[in-house]
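Written below as structure tokens is the structure these notes are about.
Protein chains: 2
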Amino acid sequence: MNEPTVAEYALGDVTLSSGAVLHDARLVYAARGTLNAARTNAIVVPSAYGGTHADSDWLIGPGKALDTDRWFVVATNLFGNGLSTSPSTSATNDPFPLVTLYDNVAAQYRLMTDGFGVASIALVTGFSMGAQQAFHWACAYPDIVEAIVPVCGSARTSPHNRVFLDGAIATLETAGPATLGRVWAAWGLSATFYRRELWRAISDATTVEAFVDEWYGATAFAADARDLRAMFATWRAADIAARSPFDGDYAAALAAIRSRAIVMPSRTDTYFPPEDSIVEVAHMPNAELRVIPSDWGHVAGAGVNPDDNAFVEAAIREVLASAG
Amino acid sequence: MNEPTVAEYALGDVTLSSGAVLHDARLVYAARGTLNAARTNAIVVPSAYGGTHADSDWLIGPGKALDTDRWFVVATNLFGNGLSTSPSTSATNDPFPLVTLYDNVAAQYRLMTDGFGVASIALVTGFSMGAQQAFHWACAYPDIVEAIVPVCGSARTSPHNRVFLDGAIATLETAGPATLGRVWAAWGLSATFYRRELWRAISDATTVEAFVDEWYGATAFAADARDLRAMFATWRAADIAARSPFDGDYAAALAAIRSRAIVMPSRTDTYFPPEDSIVEVAHMPNAELRVIPSDWGHVAGAGVNPDDNAFVEAAIREVLASAG
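Those protein sequences? They're chains L and H, same order as listed.
Residue numbers 3 to 326, in our numbering, belong to the letters of the first sequence in order.
Residue numbers 3 to 326, in our numbering, belong to the letters of the second sequence in order.
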């Protein structure tokens, strides 16, 4: 069986990076596998925008890349995603404060250390905003994080990515989630994906328009609009350098990531493009750039396309073979 | 002086590719230079989405790449752009029919042949939808078009570009032009452009947000919404293969372009990416791919950045040195 234990870790009132307080904060997570006696076999998998812990199920289980026969794997939920404390679930946090990715990983750190008593973390890996959290983990807790594998995400949200998000946020506010889905359709997947009609591999649609309806229609941004907004704010503010002692020095913050890292952008990702990763890896002392040779755009890291999955899984297995 | 003669060519009722009729069609153009006795020194410069003939002023004039001391240069206006027959100017065309790029170049052909009596056209060059028109010219009139230099545009609107446009159209319809500008900001210019803050070269803004306000704010899509819609419909339908004898055979339509061609995508263009051009050039018998080595995204071809301008101008001068 591969059913996780989904549970909630109560953090109490949490003072955020901004100084604001997140009241009665709760971190929802899914744990699988068993912590070993030395408490050194933990892995953390943070969630992506609009997703949940369940989106990493493809990676986690007996014999999978995150092999629960050997590893204790904790998949966490981003604040604002509707499971961990979110605008839609928490009337006491209204207006909902900006929760940064440092705030998110600080909560995850408490879960892992105070909650589970882990001594070290073999790996933090995640997709998109999950990848961003992996960078934040390694920068905030260099002594505990052995390795990170960020997939299709950056250590900070780039200026272009912010401009992209501002368009998305404006669309959400003025037109609503259905139009946002339409706009997102051309961002999430690549020009080559659409030219080669690769959507036929994941859809019974017979036209590209029908595929877009299916994937980016009413269900794509079906979450509570307040939650969507809160997660956009978190994404937009993502920046490993936005804390002491870096104070905006991006290169210094990257240099502080001593963990082994395999940084895995998708070749055709348009909002987390490989060139951001190239800049990042150049500053990181123990990092390798390994571009996913994919036509699937950002979605390459989402666990949808078997070839991309195999490429990511191989990197994770490689890192874990010498970790823990 | 470099002031053009702006005039209107009356086409009468025009039967369009669809079979619908565009009533009392008028093509507005700007002519500069003098037609030679043999009528062989004509150049056509079609306009881009949301633009006018005036947007190519940077290329046209005495001593410029399109040197009006030698060439007779006609810059045309796309139907729907508010100058040539458009929803906003033509109550007799309501609802406004789909006007394809073949319909556009057919009107331009009548202007050039019946109107000016030209025997051949040395060059058709244009940016974005203007580039698309250059492809259509060469495919429709292979015996008259000596050369084309399409800049940041494709011979057909790719599936990804259509998905992108559907997002833009949905945004225009449900949120309006201000939000459309916000969405466009991340498409028009590249990730590298924003990372390197290249906007400082063309703006006094001190933040990226202020730059986006200035360039993609209320003025970016200030045209009549009906005109914006009509031009989007034209763009979306662009396809050189969408006529007899090609009937959808894209490779055959490209192979029919015998004109010399220098196809010039921008390295960082996200909606007319170089890989579309690579596919196209591979099928064209007399074409060269020359990628603009630019960080300016789609805007590389818009005449805004001096380095990109020089790169495009050099190609045009090269083609014209052996033409006419």
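Beta carbons are placed, not taken as given, at the ideal position from N, Cα and C, and that holds for glycine.
Quick check: what's the CA-CA separation for H:Ala240 versus H:Pro64?
Going from the Cα of H:Ala240 to the Cα of H:Pro64 covers about 33 Å.
Below-8 Å beta-carbon distance, H:Asp297 vs any chain L residue
No, because no Cβ of chain L sits closer than 8 Å to the Cβ of H:Asp297.
Does L:Pro64 get closer than 8 Å to chain H when you measure Cβ to Cβ?
So, not an interface residue.
Which residues in chain L have a C-beta closer than 9 Å to the C-beta of H:Thr17? List them in chain order.
For H:Thr17, no chain L residue has a Cβ inside 9 Å of its Cβ, as the nearest lies near 28 Å away.
Please name the residue or residues paired with H:Phe129 in a DSSP beta bridge.
H:Val153, per the DSSP bridge assignment.
Same chain only: Cβ atoms within 6 Å of H:Trp139, ignoring 5 sequence neighbours per side:
Sequence-distant Cβ neighbours of H:Trp139 in its own chain, meaning closer than 6 Å and more than five residues away, are Val107, Val126 and Val147.
DSSP three-state call for H:Met233: helix, strand or coil?
For H:Met233, the three-state secondary structure derived from DSSP is helix.
Along the region 166 to 181 of chain H, where does the CB come closer than 9 Å to a CB of chain L? Name the residues.
Residues Phe166, Leu167, Asp168, Gly169, Ala170, Ile171, Ala172, Thr173, Glu175, Thr176, Ala177, Gly178, Ala180 and Thr181.
Determine the DSSP secondary structure at L:Phe248, reduced to helix, strand or coil.
Coil, per DSSP.
Looking at the C-beta of H:Arg184, does it have a partner C-beta in chain L at a distance below 8 Å?
With a threshold of 8 Å between beta carbons, H:Arg184 makes contact with chain L.
May I have a chain-ordered list of the alpha helix (DSSP H) segments no shorter than 4 residues that lie completely inside the region 171 to 243 of chain H?
Inside the region 171 to 243 of chain H, DSSP marks whole alpha helix (DSSP H) runs of 4 or more residues at positions 179 to 190, 193 to 197, 210 to 218 and 227 to 239, from first to last along the chain.
Closer than 8 Å, CB to CB, is H:Tyr143 near chain L or not?
Not closer than 8 Å to any Cβ of chain L, the Cβ of H:Tyr143 fails to qualify, so no.
Please list, in chain order, the chain L residues whose beta carbon lies closer than 9 Å to that of H:Leu224.
Before going further, note that residue 224 of chain H is Ala rather than Leu in the sequence given. None at all; the shortest Cβ gap to chain L is about 17 Å.
Check for me: the beta strand (DSSP E) holding H:Pro97 runs from which residue to which?
If you look at H:Pro97, you'll find it isn't in any beta strand (DSSP E); DSSP assigns it neither H nor E.
Near-chain L residues of the region 137 to 163 of chain H (beta-carbon distance less than 9 Å), N- to C-terminal order
Taking 9 Å as the Cβ-Cβ cut-off against chain L, the residues of the region 137 to 163 of chain H that qualify are Ser160, Pro161, His162 and Asn163.
Does any C-beta atom of chain L lie closer than 8 Å to the C-beta of H:Ala188?
With respect to chain L, the C-beta atom of H:Ala188 has a partner C-beta closer than 8 Å.
Does the region 268 to 282 of chain H come close enough to the region 150 to 164 of chain H that 3 or more CB-CB pairs lie under 8 Å?
Short answer: they touch.
Chain H partners of L:Tyr196, CB-CB under 9 Å?
Simply Ser160, Pro161, His162, Asn163, Arg164 and Val165.
What would DSSP say about H:Pro267, mapped onto helix, strand or coil?
In this structure, H:Pro267 counts as coil in the three-state DSSP scheme.
Residues bridged to H:Arg41 by DSSP?
In the DSSP assignment, H:Arg41 forms no beta bridge with any residue.
In terms of residues, what are the limits of the beta strand (DSSP E) holding H:His285?
H:His285 -> not in any beta strand (DSSP E); alpha helix (DSSP H) instead, spanning Pro276 to His285.
Could you spell out where the beta strand (DSSP E) holding H:Asp26 opens and where it closes?
Unbroken beta strand (DSSP E) run through H:Asp26: Val23 to Arg34.
In terms of residue numbering, what span does the alpha helix (DSSP H) encompassing H:Ala109 cover?
Unbroken alpha helix (DSSP H) run through H:Ala109: Leu103 to Arg112.
At which residues does the beta strand (DSSP E) containing L:Asp1 begin and terminate?
The question about residue 1 of chain L has no answer here: the residues shown for chain L are numbered 3 through 326.
Is the region 44 to 54 of chain L touching the region 69 to 77 of chain L in the sense that three or more CB pairs, one from each, lie closer than 8 Å?
Counting Cβ pairs under 8 Å, three or more are found: they touch.
Alpha carbon to alpha carbon, how far is L:Pro308 from L:Glu320? Give it in angstroms, no decimals.
In this model, L:Glu320 and L:Pro308 are separated by some 18 Å (Cα to Cα).
Could you pull out every residue in the same chain whose Cβ sits closer than 6 Å to the Cβ of H:His25, ignoring the five residues on either side in sequence?
Within the same chain, Asp15, Thr94 and Asn95 come within 6 Å of H:His25 by CB-CB distance, once the 5 residues on both sides are set aside.
Distance between H:Ser261 and H:Asn38 (C-alpha atoms, nearest Å)
So the alpha carbons of these two residues sit roughly 21 Å apart.
Would you be able to state if there are at least three C-beta pairs under 8 Å between the region 17 to 36 of chain H and the region 102 to 119 of chain H?
By the Cβ test, the region 102 to 119 of chain H is in contact with the region 17 to 36 of chain H, since at least three Cβ pairs between them sit closer than 8 Å.
Within chain L, the residues that H:Thr272 reaches when beta carbons sit closer than 7 Å
Ordered by position in chain L, the residues that pass the 7 Å Cβ test against H:Thr272 are Thr272.
Beta-carbon of H:Ala133 versus every beta-carbon of chain L: anything under 8 Å?
No, no contact with chain L.
Give a yes or no on contact between the region 180 to 197 of chain H and the region 287 to 298 of chain H, applying the rule of three or more CB pairs nearer than 8 Å.
Contact between the region 180 to 197 of chain H and the region 287 to 298 of chain H is present, because at least three Cβ pairs lie under 8 Å.
With a CB to CB cut of under 6 Å and the five nearest residues on each side skipped, what residues in its chain are close to L:Ala207?
Setting aside the 5 residues that flank it on each side, L:Ala207 is surrounded in the same chain by Phe213 and Glu216, each with a C-beta closer than 6 Å to its C-beta; the list follows chain order.
List the residues of chain L that H:Val283 touches, going by C-beta distances under 9 Å, in chain order.
Per Cβ cutoff of 9 Å: no residues; H:Val283 is ~15 Å from chain L at best.
Select from the region 240 to 270 of chain H all residues with a C-beta closer than 8 Å to any C-beta belonging to chain L, and list them in chain order.
Sequence-ordered contacts of the region 240 to 270 of chain H with chain L are nonexistent [C-beta pairs closer than 8 Å].
What are the boundary residues of the beta strand (DSSP E) that includes H:Val76?
Phe74 to Thr78 is the extent of the beta strand (DSSP E) around H:Val76.
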